[in-house]
Amino acid sequence: MLYIVATPIGNMGDITLRAVEALKQCDFIIAENPGYSRRLLEYIDQLQLPRPPAADAPPGQEESLRSKPVVQFAEFNEQQVVKELTRRLAKQNGCLITDAGTPGISDPGFRLVRECAKENIAVTPVPGANAAIAALSASGLPTDRFMFLGFLQKTAAKTVEAMQAAADAEATAVFYESPERIFKTMGYIANAFPMSQVALARELTKVHEEFIRGSAGEVLEKLKEKPSIKGEFTVLVSFK
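Residue numbering for the sequence shown follows numbering that gives the first Met the number 0, beginning at 0 and increasing consecutively.
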């Protein structure tokens with residue numbers, strides 16, 4: 000069986016009891032970046048938590064996460080390891096985790112899920128933190144209909160095309176952007192949709208968490224006033 004285990008997007012305290020139990024009880028862990036994930040596993044090892052109901056966790060003997068086998072599954076090696084992981088999951092319980100948030104959302108994890116489905120291997124989600132939903136909930140923008148766009152293509156034309164699709168659907172656009180590209184992307188949106196309302200969420204659940212709200216043009220000006228821009232952004236754009 001494959002467990003899709005959401006991990007914190009910043010604050011380690013956002014790990015769920017069910018995620019802890021799944022990680023402790025599984026036979027092995029599948030991680031985007033094993034070195035980075037080890038920090039989370041070490042954090043969990045130090046927690047003193049009550050055990051959730053046994054039905055919520057995979058069967059197995061609990062052990063220290065420091066000694067748990069961790070296999071890398073990332074963009075660069077997915078094709079080489081996906082078949083082997085699927086064969087292993089037919090016999091053992093594995094937990095798929097990503098660097099932050101819910102696996103399979105704008106990362107290659109969905110391909111492993113797809114292969115498991117083809118082989119009739121059970122897949123079950125262990126839900127938790129997700130940057131897009133967290134940002135949307137605190138954005139102040141309409142949440143009744145939204146369109147998640149992942150990472151946008153880099154050209155002005157493609158950015159405008161994606162925004163227009165959300166506008167036509169009367170949905171709030173939600174996507175991720177890097178600090179290196181945020182100025183260009185916001186410029187494209189401000190030029191094409193000057194009346195749109197924007198919320199930028201940065202460093203969610205971390206010490207320097209920040210929301211920047213206003214029209215697209217206002218948000219762009221607020222960004223320009225900052226001495227430096229760090230941290231990944233979740234961008235939300237409303238057209239109504």
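The beta carbon of each residue, even a glycine, is placed where N, CA and C say it ideally should be.
Reducing DSSP to helix, strand and coil, say where Met-146 ends up. In the structure shown, Met-146 sits in a strand (DSSP, three-state: E or B).
In the DSSP assignment, what residue or residues form a beta bridge with Glu-209? Within the DSSP bridge table, the entry for Glu-209 names Arg-201 as partners.
Residue span of the alpha helix (DSSP H) that contains Gln-152, given as start and end: Annotation for Gln-152: no alpha helix (DSSP H) segment contains it, and DSSP assigns it neither H nor E.
Just to confirm before moving on: does the CB-CB distance between Thr-85 and Ile-120 stay below 8 Å? For Thr-85 and Ile-120, yes; Cβs fall inside 8 Å.
Coil, strand or helix - Gln-60 by DSSP: Low local confidence applies: a pLDDT of 49 at Gln-60 is under 50, so the model's placement there is unreliable, with the coordinate-based value given in what follows. Correct three-state label for Gln-60: coil.
Contact under 8 Å by Cβ, Glu-77 with Pro-107: With contacts defined as CB atoms closer than 8 Å, Glu-77 and Pro-107 qualify as a contacting pair.
Spatially closest choice to Gln-91 from Lys-239, Thr-101, Gly-100 and Pro-68, by CA coordinates: Per the Cα distances, Pro-68.
Inter-residue Cα distance where the pair is Tyr-63 and Gly-230: Before going on, a small fix: residue 63 reads as Ser here, not Tyr. The straight-line gap from Cα to Cα measures roughly 32 Å.
Using DSSP with H/G/I as helix, E/B as strand and the rest coil, what is Pro-193? Coil, per DSSP.
Could you tell me the alpha carbon to alpha carbon distance between Thr-233 and Ile-181, rounded to whole angstroms? Straight across, the Cα-Cα distance linking Thr-233 with Ile-181 is about 10 Å.
Rounded separation between Ser-195 and Ala-134 - CA only: Near 17 Å, if we compare the C-alpha coordinates of Ala-134 and Ser-195.
Might you give, ordered along the chain, the residues of its own chain that have their beta carbon closer than 7 Å to the beta carbon of Gly-103, omitting 5 neighbours on each side? If we look at Gly-103 and ignore the five residues flanking it on each side, its Cβ neighbours are Ile-3, Phe-109 and Val-112.
Below 8 Å CB to CB, which residues in the same chain sit around Ser-136 once its five sequence neighbours on both sides are set aside? Once the five neighbours on either side are set aside, the close Cβ partners of Ser-136 are Thr-142.
Delimiting residues of the alpha helix (DSSP H) encompassing Cys-25: It is not in any alpha helix (DSSP H) - Cys-25 carries neither H nor E in the DSSP assignment.
Given that a residue counts as buried once 16 or more other Cβ atoms are within 10 Å of its Cβ, and exposed if not, what is Asp-26? Burial call: buried.
Cα-Cα, which of Thr-123, Arg-65 and Tyr-35 is closest to Ala-73? If we check each option's Cα against that of Ala-73, Tyr-35 comes out closest.
Cβ shell of Pro-13 (< 8 Å), same chain only, five flanking positions each side left out: What sits at residue 13 in the sequence shown is Asp, not Pro. Cβ neighbours of Asp-13 within its own chain (closer than 8 Å, five residues either side excluded): Pro-7, Gly-127, Ala-128 and Thr-204.
So, using beta-carbon positions, are Ile-188 and Ala-215 closer together than 8 Å? Their beta carbons are under 8 Å apart, which means Ile-188 touches Ala-215 by this criterion.
Are Arg-65 and Glu-41 touching if we call contact CB-CB under 8 Å? Taking C-beta atoms as the reference points, Arg-65 and Glu-41 count as a pair closer than 8 Å.
Do you know how far the Cα of Pro-124 is from the Cα of Glu-179? A direct Cα-to-Cα measurement between Glu-179 and Pro-124 gives close to 33 Å.
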